[in-house]
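Student:
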Amino acid sequence: MAAPIVIDSANDPRIAEFRDIRERDLTGRENRFIAEGTVVLRMLAEAHAARRGFSAEKILLLRNRVDGLQSVLERFPASVPVYVAEAKVLDGVVGFHLHRGVLALGKREDRGEAALLDALPERALVLVGCGISNHDNAGSMFRNAAAFRADAVLLDETCCDPLYRKALRVSVGSVLSVPHRRGGKALDLLLALAQRGFAIWTLSPHGKTDIRAIPAAARMALVIGTEGEGLPEALLARFQSARIPQSDQLDSLNAATATGIALFSMASTMGRL
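This is the structure in structure tokens:
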């Protein structure tokens with residue numbers, strides 16, 4: 001762990017990447033991201049140490065949080081600088097009151113989709129997102145994937161970035177532990193999975209098969225669409241479809257909730273739980 005470096009000015013160039021983070025959330029960071037909160041910082045430390053394709057570049061903390069984070073900070077190499085500031089300075093840097101007082105700048109390696117798919121085990125469960133634009137749903141889907149032991153998450157090009165600060169926080173850092181790839185068209189992603197022997201199940205309120213009746217397979221993929229519009233008809237028609245039985249008083253479930261129920265059912269069918 002590097003010795004903490006005190007920051008006395010919000011304009012210090014050494015912490016420029018943390019300045020006005022809400023605005024920069026919207027414009028992107030070119031494979032860099034902001035990890036916020038103790039839990040996500042701990043997950044970043046684990047990902048960095050395990051070389052999962054993520055690394056930390058620098059850390060910025062509220063000064064009175066340092067002692068309580070010693071065990072986490074010690075997991076980072078000494079080459080990762082740790083900056084500390086009083087609350088007034090820290091708030092001036094980020095542009096709002098940061099009550100958690102814990103930030104890190106991370107970087108992801110740009111690994112290809114084929115490399116991820118070819119590395120999947122012989123028995124695998126994959127979650128595929130299509131058009132997931134809500135960051136809360138994206139984060140919750142990763143949390144569900146981690147909870148029910150999915151081996152990977154694939155997001156098509158119309159999905160939001162799961163490394164967006166809020167999505168990463170909602171996922172409680174699971175975005176850093178579950179292998180994933182974002183990009184490409186949904187159909188291409190599913191065809192790539194089909195070529196690798198995956199039984200592909202789309203989820204829809206009008207799906208033909210009760211989610212509890214899906215037969216077990218060595219490799220299974222669950223496909224989730226955005227709330228409201230759901231999955232495109234072309235995908236529903238091309239692949240097997242499943243539904244979660246529910247009251248007729250509502251037409252659908254929240255995407256994150258539906259993902260959790262369906263992953264639980266599929267993981268149970270595969271004997272993972």
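Numbering (the UniProt record's numbering), first residue to last: 1 to 273.
Each residue gets a CB set at the ideal place from its N, CA and C atoms; glycine is no exception.
(1) Can you tell me which of 11, 186, 271 and 54 puts its alpha carbon nearest to the alpha carbon of residue 159?
(2) With distances taken between CB atoms, is the gap from residue 168 to residue 6 smaller than 9 Å?
(3) Is DSSP giving residue 246 helix, strand or coil here?
(4) So residue 177 packs on residue 146, CB below 8 Å; how close in whole Å?
(5) Spell out a yes or no on whether the region 90-100 and the region 129-142 are touching, meaning 3 or more CB-CB pairs, one atom from each, closer than 8 Å.
(6) What does DSSP give as the partner residues of residue 180 in its beta bridges?
(7) Measuring CB to CB, does residue 203 end up less than 9 Å from residue 182?
(8) Buried or exposed: residue 144, going by 16 or more other Cβ atoms within 10 Å of its Cβ?
(9) Quick check on residue 64: buried or exposed, where buried means 16 or more other Cβ atoms within 10 Å of its Cβ?
(10) Going by DSSP, name the residue or residues bridged to residue 62.
(11) Indicate the three-state DSSP secondary structure (helix, strand or coil) for residue 161 in the structure shown.
(12) Our contact map puts residue 81 next to residue 58 with C-beta atoms below 8 Å; I'd like the distance itself, whole angstroms only.
(13) Can you give me the C-alpha to C-alpha distance between residue 27 and residue 175, rounded to a whole angstrom?
(14) Please list the terminal residues of the continuous beta strand (DSSP E) segment that includes residue 202.
(15) Express the C-alpha separation of residue 120 and residue 34 in angstroms, rounding to a whole number.
(16) Check each candidate in 241, 273, 31 and 190 and name the one with the smallest Cα separation from residue 114.
(17) Within 10 angstroms of the Cβ of residue 230, are there 16 or more other Cβ atoms? Answer buried if so, exposed if not.
(18) By the DSSP assignment, the beta strand (DSSP E) with residue 231 in it spans what residues?
Tutor: The structure says:
(1) Put simply, of 11, 186, 271 and 54 the residue whose alpha carbon is nearest the alpha carbon of residue 159 is 186.
(2) Contact flag unset, no.
(3) Coil.
(4) Going by Cβ atoms, the distance from residue 177 to residue 146 rounds to 6 Å, so yes, they are a contact pair.
(5) The region 90-100 makes no contact with the region 129-142: fewer than 3 CB pairs, one atom from each, lie closer than 8 Å.
(6) Under DSSP, residue 180 forms a beta bridge with 153.
(7) In this structure, residue 182 does not lie closer than 9 Å to residue 203 by Cβ.
(8) Counting of Cβ neighbours within 10 angstroms places residue 144 among the buried residues, the total reaching 16 or more.
(9) A residue is called buried when at least 16 other Cβ atoms come within 10 angstroms of its Cβ; residue 64 does not meet this threshold and is exposed.
(10) The bridge partners DSSP lists for residue 62 are 85.
(11) Note: residue 161 maps to coil in three-state DSSP.
(12) Indeed they touch by this definition, with Cβ atoms about 5 Å apart.
(13) Any reading at residue 27 is ruled out, since the residue's pLDDT is 44, under 50, leaving its predicted position unreliable.
(14) Counting along the chain, the beta strand (DSSP E) containing residue 202 begins and ends at 199-203.
(15) Looking at the two C-alpha atoms, the distance is approximately 28 Å.
(16) Closest by alpha carbon: 190.
(17) It counts as buried.
(18) Careful: residue 231 lies outside any beta strand (DSSP E) and carries neither H nor E.
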